[in-house]
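Following: one structure in C-alpha cells, then a few remarks.
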Amino acid sequence: MKQRIDKTSIRLHSYGWSALFLFCLGLLPLLTACSLMDEDRDDCPMGLYVTFVYDYNTEQADLRKDQVGGITCYVIDEDGTIVASRSVENTPGSAPLSQYGYQMTFPELAPGNYRLVAVGGQQGYETLLGQPGAKFRRIPELGVGDNINDLRIRLDRQSADTSIVYRSFSKRGAVRDTLERRLQARVVSHQRQGLDTLWHTLVTDTVWNAAHTDYQVRAGEESLSALPVWTVRFQKPTYAVVPLIRDTKEIHVSVKEFLNTANEPSPDYDVFITADNGELGPMNSLVPGDRLLYLPFAQRKSEYLNGEDAEGNVSTFPRTAESHFDFTTSRLVLNEDAAKDAQLFIVNRKTRRLVYRENLSNLLVSNRTAPEIMRYTPQGFLDRRHNYDLQFFLLDGEWQYVQISVGILKWTVRTQLEELNS
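Take the sequence shown: its letter number 271 is residue 313 in our numbering, and every next letter is one higher.
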C-alpha cells in the first residue's frame, strides 16, 4: 500500500524555510556593518562619548547649554598621562555646546581605563587669549604625552606687589589709638573687564545620574583617584559624563550712606578684595601663591536729596550718597585657617580710615538660611552660587549693617554691626 503525501503540508513547509532564509538575508547587512567587518566601521558607535553637565548650582538644573561656550577635555590614563584631548567652542556659525545632546567623541582610544579632566569658559580658550582683560591661563599648555598633574590654571596679575595704606582704630579703655597698616598684594589687571567665566572638573563623591544630583564635593582631594574611571572596550561604545563646577564669582557691592549735612561733599570710598586664589590645579584645588588684589572693574556714584516719602514723612537725613562696585574673582573657599580666606575692605579714600573689613567667604555663606539650601555645606553653597549682592548702609561714615542678596534667590539676610563685632 502506497503512503499518501500531503502536498499542502510540503508547500507550507517550503514557504517557512523560504521566509526564514529571507529574514536572515535581511539581518546580514546589519551584522556585517557592526560585528563582522573591521575595514569600515564609520557608522558604528565605539570609543568614548563624553557629555558635559553643569547642574552643580542652586537652580538644580543643567545650565551647560546656556552658559558654557568653550571647553577642552583631556583623556588621561591610569598614570595621569594625557592620551587624547579635544577642544570645542561656540561660534556665530556653529554652537554645538548650545545643543542638549552634544557629545564629544574619542573613537581612537584603545581598550583600557581612562579618566577625564575638563576646563571651560564662556568662549574658546584661543579666542579668550585674544580678548582684553585678565585671563585664566593654562600654564603650561598640555598635549598628548604630558601629565595632567602639571596642569595649572593661573589668573593674570601684576609682576610686583602693590602697597595699600589704611588706618584702623583700637580701643584701650577710653583711649582710641590710630594704627597705620600697609597691605601688600598683586593687582589683577582687569583693564575694566570682568573675568571670563571659568569652569573646571567637579570632583565629587557621587556618580552623576539623570535630572540633578545631590553632589558632595571632596574637600582637599588632590589624587587623580578621586576622578571616576571609564572603561573603553573593543568595538563597543562607552558613554561618560563630566560634571562641571563654576569657579568665577560675580560680586556687586553698594555703599549707601545717609548724610546729616546737605552741602558738604560726600566721602568717596575704595572697595577692594584680597585673596590667595589665583592658581588652580587639575583637581580644582587652590595652589598657594601670591595674595591677589581685586579692584572693581566698574564703579559709579550718585547722590540725591531726601524729601518727603509717599506718606508725607520727612527723612531724618537730608542727603543720601550711593556708590556701586562690580567685581569678578576666582574661586572662593573656606580654609581651615580663616586668616587665609578672602577679605573685603571698605576704606575712606581721603582719610584712609578703615570703615569695614570682613572675611568675605564667611560673610557670603552667612545667608545660607533658606530651607531649600540648608542641606548644602558652606563650601558647597559657595561653589554652587556665583553671583552675590552686598549692600552696606553707613551713617556719616560709620557702617550700621550689611544686607546680602544671592542671585535670583528670593531672600536677603541683614547683618548688624554688633553681630560681627560680638
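Don't be surprised by glycine CBs; every beta carbon is placed ideally from N, CA and C.
The model shown is predicted, which means the values in this text are computed figures rather than measured ones.
Residue i and residue j closer than 9 Å at C-beta
i: E299; j: T362; result: yes
i: R394; j: L328; result: no
i: V295; j: L386; result: yes
i: L266; j: N191; result: yes
i: F94; j: L286; result: yes
i: L337; j: F369; result: yes
i: N409; j: A384; result: no
i: D310; j: R391; result: yes
i: R342; j: H366; result: yes
i: F339; j: Q235; result: yes
i: L221; j: Y116; result: no
i: Y144; j: K177; result: no
Straight-line Cα distance separating residue j from residue i
i: L240; j: V448; result: 20 Å
i: E131; j: H242; result: 15 Å
i: Y140; j: I113; result: The sequence given here has Ser at residue 140, not Tyr. Each residue's Cα considered, the two are about 12 Å apart.
i: I388; j: P174; result: 27 Å
i: L70; j: Q109; result: Residue confidence for L70 is low, a pLDDT of 47 falling below 50, so the modelled location carries little weight; the figure read from the coordinates is stated next. Approximately 45 Å between the Cα atoms of the pair.
i: A304; j: L237; result: 39 Å
i: P153; j: L269; result: 19 Å
i: Y346; j: F359; result: 11 Å
i: D438; j: E306; result: 11 Å
i: V125; j: S403; result: 38 Å
i: E378; j: L151; result: 41 Å
i: Y208; j: L335; result: 15 Å
i: Q433; j: N189; result: 45 Å
i: I181; j: Y418; result: 33 Å
i: T371; j: N348; result: 35 Å
i: L405; j: K291; result: 14 Å
i: V249; j: P87; result: Annotation note: pLDDT 41 at V249 (below 50); position unreliable, coordinate value reported separately. The alpha-carbon atoms of V249 and P87 are separated by roughly 23 Å.
i: L105; j: S308; result: 43 Å
i: A515; j: Y142; result: Outside the modelled stretch of the chain, which goes from 43 to 464, sits residue 515, for which no answer is possible.
i: I128; j: L184; result: Rather than Ile, the amino acid found at residue 128 in this sequence is Arg. Going from the Cα of R128 to the Cα of L184 covers about 12 Å.
i: P330; j: K382; result: 10 Å
i: Q421; j: I118; result: 28 Å
i: I293; j: D332; result: 21 Å
i: F435; j: P138; result: 46 Å
i: I446; j: P134; result: 37 Å
i: G89; j: R179; result: 30 Å
Burial state of residue i (16 or more Cβ within 10 Å)
i: G162; result: buried
i: V186; result: exposed
i: N302; result: exposed
i: V92; result: buried
i: V444; result: buried
i: F211; result: exposed
i: I195; result: buried
i: A261; result: Confidence is the limiting factor: at A261 the pLDDT is only 48, short of 50, which leaves the residue's position unreliable and the question unanswerable from this model.
i: S136; result: exposed
i: V313; result: buried
i: G172; result: exposed
i: L62; result: Any answer about L62 is weak, because its pLDDT of 47 lies below 50 and its placement is not dependable; what the coordinates show is given next. Classification of L62: exposed, given that the 10 Å Cβ count is below 16.
i: D121; result: exposed
i: G111; result: buried
i: Y430; result: buried
i: A380; result: exposed
i: K278; result: exposed
i: E461; result: Model confidence at E461 stands at a pLDDT of 44, short of 50, so the residue's coordinates are unreliable; what they give is reported in the following sentence. With fewer than 16 other Cβ atoms within 10 Å, it is exposed.
i: P324; result: buried
Bridge partners - residue i, DSSP secondary structure assignment
i: T303; result: Note: T303 sits in no beta bridge, so no partner.
i: F281; result: Here residue 281 is Tyr; the residue named in the question, Phe, does not match the sequence. BP columns for Y281 point to Y91.
i: T114; result: S129, V161
i: V229; result: L335
i: Q341; result: F367
i: E378; result: None, per the DSSP bridge assignment.
i: V207; result: R224
i: Y144; result: None, per the DSSP bridge assignment.
i: N189; result: T123
i: R275; result: DSSP, once it has assigned bridges, lists no residue as partnering R275.
i: I293; result: F369, Y430
Check: residue i C-beta below 8 Å from any heavy atom of the ligand GDP
i: V130; result: This structure lacks the ligand GDP, and indeed carries no ligand of any kind.
Touching by the beta-carbon criterion (3+ pairs, under 8 Å), the segment 143-161 and the segment 267-286: Result yes; three or more Cβ-Cβ pairs closer than 8 Å.
I'd like to know if the segment 312-320 and the segment 269-278 are in contact, where contact means that at least 3 CB-CB pairs between them fall below 8 Å. no
Check whether the segment 219-231 touches the segment 163-172, taking contact to mean three or more Cβ pairs, one atom from each stretch, closer than 8 Å. no
At least 3 beta-carbon pairs within less than 8 Å: the segment 230-238 vs the segment 198-208: yes
Does the segment 422-430 come close enough to the segment 93-110 that 3 or more CB-CB pairs lie under 8 Å? A contact exists between the segment 93-110 and the segment 422-430.
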